[in-house]
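Here is the structure we will look at, set down as structure tokens.
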């Protein structure tokens, strides 16, 4: 996959492709040049997944109840 194609993937699709890439590399049946390309693709996929997780984490908030019973949003830390 090209870097541009990878950047368009959803988190789930990127994670699935990363798992497939790892399986291929672990099999030992891939020629060296292809292994290097897969490794580079894997690095790009990891960066994308981390970026998407960081973005999602920033959107998550924790709800807590004040002493007066009202709900308050706190960012997750």
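Residue numbers (this note's numbering): 1 to 77.
Where is the CB? At the ideal position from N, CA and C, for every residue including glycine.
Does the Cβ-Cβ distance between residue i and residue j come in under 8 Å?
i	j	result
residue 46	residue 38	no
residue 15	residue 49	yes
So, with DSSP's three-state summary, where would you put residue i?
i	result
residue 9	coil
residue 78	With the chain represented from 1 up to 77, any question about residue 78 goes unanswered, as that position is not in the structure.
residue 68	coil
Let's test the definition: count the other Cβ atoms within 10 Å of the Cβ of residue i and tell me whether it reaches 16, buried, or not, exposed.
i	result
residue 67	exposed
residue 57	exposed
residue 41	buried
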